[in-house]
Each structure stands twice: as structure tokens, then as C-alpha cells.
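Take a look at the structure below.
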Amino acid sequence: MSDLSKTPRTVPRASATFDEYTLSEIRRAAATGIYDIRGAGAKRKLPHFDDLLFLGASISRYPLEGYREKCSTEVVLGTRFAKKPITLKIPITIAGMSFGSLSANAKEALGRGASAMGTSTTTGDGGMTQEERQSSQILVYQYLPSRYGMNPDDLRKADAIEIVVGQGAKPGGGGMLLGQKITERVAAMRTLPVGIDQRSACRHPDWTGPDDLEIKIEELREITDWEKPIYVKVGAARPYYDTALAVKSGADVVVVDGMQGGTAATQEVFIENVGIPTLAAVRQAAQALQDLGMHRKVQLIVSGGIRNGADVAKALALGADAVAIGTAALVALGDNDPHWEAEYQALGTTAGAYDDWHEGRDPAGITTQDPALSARLDPVAAGRRLANYLAVLTLECQTIARACGKSHVHNLEPEDLVALTIEAAAMARVPLAGTDWIPGVTGRF
Ligand SMILES: Cc1cc2nc3c(=O)[nH]c(=O)nc-3n(C[C@H](O)[C@H](O)[C@H](O)COP(=O)(O)O)c2cc1C
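The sequence shown runs 428 to 872 under the working numbering.
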């Protein structure tokens, strides 16, 4: 009898549970005793917009002619209570990213690119910079738990206000800005000491629930003479109830940020394990608005992992009025560009995987406060790249909308979609491709 236990293995077998990355993380934790902090969003594979497909027109549906028939993209935000709602020419806005996490040149470039396309940018933790106000035709001012840089004069200078309850990368968590990025200018804006790590609050200091939020919203309306639309931004965890509570509290716009959403810096364990995917969040948020009879009256902005015009079109079809982008906008500016590969290698990473944004050593000059690195980013050229990218997203979204026979991108609807996986079908509440089956909704194959 042969001894099979002595047969040599020809291919070493790696464990799916203890894969190479997991092993390296265990070793790193053992060597340092420090948890990992990084930027960007969840990197694991999650159900996402890629798991949905548009049906397109056929005999039963009539498509629109690409070059001759209009497909509008305009979005009006803040029609519920604000005296001065804002109009975006495209259904894509730039998400809030703080000065501090980003260089002043990067903030200016975001403003230039967005303004060229008739859309808005958003401040972030740490207040408003002059550069971004000057370069942004439409600027949304974030009102965050930290209150860093919070200034009533800047509130009045903004075109809309976004109350941040949470972010998709870290629902329930606060901000982090490590000492390396706290320069004199950043410190002065936040009234913090230079060079000392800063962790900002995870909840607002003066309210604990929806009743207090209602009072806060009214206070902000009074300060701004009821002119500015007021958004409420939540990280996607319980989007149905959070959306309903934001509406009850008097929000004009609800922003729901899914777990693929980027962050400037958070614990890796948080980014990968807290919150729900954007795909699951958008449908629940839209459902809450529909159940309250407020769909399209209170506008819904969705963010977290939006990369191309198909993602935009899918988010709109599931009920969003607009999307917001963070990470993709940074990539358009030049973040993670292979041009800097030698320098990424020197930092122990590679273009496309660089996420140590908290360290402030970004070769592309975007997630840094280092004057020499920041100077590498030309805000005019980077703004132009962002404008080009936003134009492509819009054209792609319009192409799909026309193919589905829609004369406005808001006429896209769940009926235009099918899912490739049972998970995506259940989350987005659209049928599995080739069937009439929506798991949890219809019982039929
Ligand atoms: C560099 C960076 C800084 C950010 N800073 C803030 C912030 O100050 N306030 C906030 O509400 N969200 C912040 N976010 C989250 C974005 O507003 C947005 O929710 C997220 O980036 C959307 O997901 P995406 O990056 O996949 O497009 C930040 C994100 C990044 C990438």
C-alpha cells in the first residue's frame, strides 16, 4: 500500500481565511501594537452598482436619439423650505473634503473643476478657505460635530449648509487629522496646537436626537435668513429611519454616504466593518422618502464608490436626485497617478493602492500640507481634468438615460434595472436578470 501522506504537494495552498494580507496585518499588529489607520473607502468586494444592468429600450420601450433629442441633467436642491434653492447643471456634486486633509491647491482645483461644469463643491471638517470660496461658484458649508473652523460669517457666505451626522466610511466615528498635517494655517483655522494629532468628535455636542436636530436646523435657518438649503448627511447604517428622521427634523436635502465612501483617515477595521454598501442604502433612503410622500420634494444625494456615468445613472434610477463624489474627484485631479510611481514605491506602496493619506506625504500634492509637495499640483490644470471627468460622467449617464427612453435623467427608475446577483436584487429591490424575482418582494421565479 502506498503512503499517500508522503506524496509531495506540487502547489502550496494559501488559506482563504488567513490570506497574505491578513497574515501581514497580524504580523504588523504583533510588531507594533498599533492599529492601522488609512484613507480611502472599503477595499473589500461588496455588492455594488456593477451588480446591476440597465434593460435599455426595445419594442416595448422607445429610445431617444443621441444627438438630436434632449436629455436634461439639471437638479434643483432645497425646494422644500429654502428661499434660495440651488441649481446644479449636472447631477454630480463634489463631496465634503476638509482643508487639512487636502491641500489648499487641491481645494481650489475642486472648486475650479466643479464650477466649470455648473455644480457645487463642499467644505469639510476645519472650515472654509478663501481659495475654495473664490473658486467655487456654488459652495456647500459643512456643519460638523467638531465645530472646527465653524464661523457664522462663513455660514452666510455659503450657498447651502450640510449638517454632517456621519460618513459612510465610519458611521458613528469622528475625524482624525494627524500632527503631520496640522500646519500653522490648519491649526489656526481649527484653534488647535500645531503638529499634535487631532481626533474630532463623533457626535454633535449640543444635540442627541431628532428633536434637537430640528431645533438646530431652525437655528441655522434663522442665522441665514431662511435662504440656504439645509442638507443632513448620514453614514449609511439605518438609512430608512435616518432619512425619515432627517425629513421630520426639517431637512431640505438628505445625503446618504455608503460604506464604500472615502475618508481622509480612519481605522482600517472601521472602514471595512461598519456601515452598509451604497447599493443597499440608496433604495432604503428613497423608500423612506416615497413612504412619506416626500420623494423629489426633499432631495436625495447618494455617495460612496461612484466612479462612472453608469454608477450615476444607477443611483438616480434607484431614487437619488444627485450623487456626490470624493475619491474619484481626487483621482481626476491626479491622486494615485502612475506618473509618481517611483515615489509611491519609496513610500512602500504603488500607484492605485496609495492610501496613507493621513501621513501627509502624498507625491501628487493632494492629501498633504507640505508646501513643496502641494506646489506640485497646478490648480488650473487639475481643475480642468476634473471638469473633463465630470463632463464624461454626465455624458455617460445621459447616454444610458436616452437608451432607456428618458428625456431627463430623473426619469430613470428601478423598472429600468435588473440585478446580476441575488444579493444585489434583494438590496436594490429589482428583479434578478431573466426573472421576475425580487427576493423579499415577489415570490415568483
Ligand atoms: C480626503 C477626504 C476627506 C474627507 N473629508 C470629509 C469631511 O471633512 N467631512 C465629511 O463629511 N466627509 C468627508 N469625506 C467623505 C466624503 O465627503 C464622501 O462622503 C466620500 O468621499 C464619498 O465616497 P467616495 O470617496 O467613494 O466618492 C472625506 C473623504 C475624503 C476622500
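Note that CB positions come from ideal geometry on N, CA and C, so glycine has one too.
Would residue i be called buried (16 or more neighbouring beta carbons within 10 Å of its own) or exposed?
i, result
"Gln796", "buried"
"His785", "buried"
"Pro620", "exposed"
"Ala853", "buried"
"Thr459", "exposed"
"Arg710", "buried"
"Ile486", "exposed"
"Phe445", "exposed"
"Gln532", "The identity of residue 532 in the sequence shown is Asn, whereas the question assumes Gln. Result: buried."
"Arg471", "exposed"
"His837", "buried"
"Ala691", "buried"
"Ser451", "exposed"
"Val503", "exposed"
"Lys433", "exposed"
"Arg856", "buried"
"Asn578", "exposed"
"Lys497", "exposed"
"Gly775", "exposed"
"Thr556", "buried"
"Gly466", "buried"
Are the Cβ atoms of residue i and residue j separated by less than 8 Å?
i, j, result
"Leu760", "Ala713", "no"
"Thr777", "Glu770", "no"
"Ala509", "Trp653", "yes"
"Leu727", "Gly540", "no"
"Leu553", "Phe526", "The residue asked about is misnamed: residue 553 is Gly in this sequence, not Leu. Going by C-beta atoms, Gly553 is nearer than 8 Å to Phe526."
"Gly736", "Leu839", "no"
"Ile623", "Gly602", "no"
"Val729", "Thr705", "yes"
"Thr550", "Ile521", "no"
"Ser676", "Leu640", "yes"
"Lys558", "Lys584", "In the sequence as displayed, the identity of residue 558 is Glu instead of Lys. The answer is no: Cβ separation not under 8 Å."
"Leu515", "Gly545", "yes"
"Val739", "Tyr658", "no"
"Ala663", "Ile698", "no"
"Val683", "Thr693", "no"
"Cys824", "Pro518", "yes"
"Gly867", "Val680", "no"
"Leu404", "Lys741", "This structure does not reach residue 404, given that the chain is present from 428 up to 872, and the question cannot be answered."
"Gly870", "Gln687", "no"
"Val701", "Lys597", "yes"
"Ser499", "Gly792", "no"
"Met524", "Gly576", "no"
"Gly810", "Ala543", "yes"
"Gly685", "Gly732", "yes"
"Leu813", "Ala756", "yes"
"Thr794", "Ser528", "yes"
"Gln564", "Val591", "no"
"Gly595", "Cys629", "no"
"Ser562", "Gly593", "no"
"Arg507", "Val661", "no"
"Pro656", "Ala708", "no"
"Pro765", "Ala536", "no"
"Glu695", "Asp463", "yes"
According to DSSP, is residue i helix, strand or coil?
i, result
"Tyr816", "helix"
"Ser499", "strand"
"Val658", "For the sequence presented, residue 658 should be read as Tyr rather than Val. Three-state DSSP puts Tyr658 in a strand."
"Gln711", "helix"
"His631", "coil"
"Ala747", "coil"
"Leu479", "strand"
"Leu491", "coil"
"Arg440", "coil"
"Ser485", "coil"
"Leu473", "coil"
"Ala509", "coil"
"Leu647", "helix"
"Ala855", "helix"
"Arg465", "strand"
"Ile752", "strand"
"Ala729", "Checking the sequence, you will find Val at residue 729 rather than Ala. Three-state result, Val729: strand."
"Leu844", "strand"
"Leu706", "helix"
"Leu716", "helix"
Tell me the start and end of each unbroken alpha helix (DSSP H) in the stretch 660-694 that is at least 4 residues and wholly inside, in chain order.
Complete alpha helix (DSSP H) runs here, min 4: 666-675.
Can you check the stretch 514-584 for any beta strand (DSSP E) of at least 3 residues that lies completely inside it and give the ranges in chain order?
Fully enclosed beta strand (DSSP E) runs of 3 or longer: 519-521, 547-549 and 565-570.
Whole alpha helix (DSSP H) elements within the stretch 580-627, 4-residue minimum
For the stretch 580-627, whole alpha helix (DSSP H) runs of length 4 or above, ordered along the chain, are 611-617.
Whole alpha helix (DSSP H) runs in the stretch 755-839 with 4 or more residues, listed along the chain?
The stretch 755-839 contains these whole alpha helix (DSSP H) runs: 768-773, 798-801 and 806-830.
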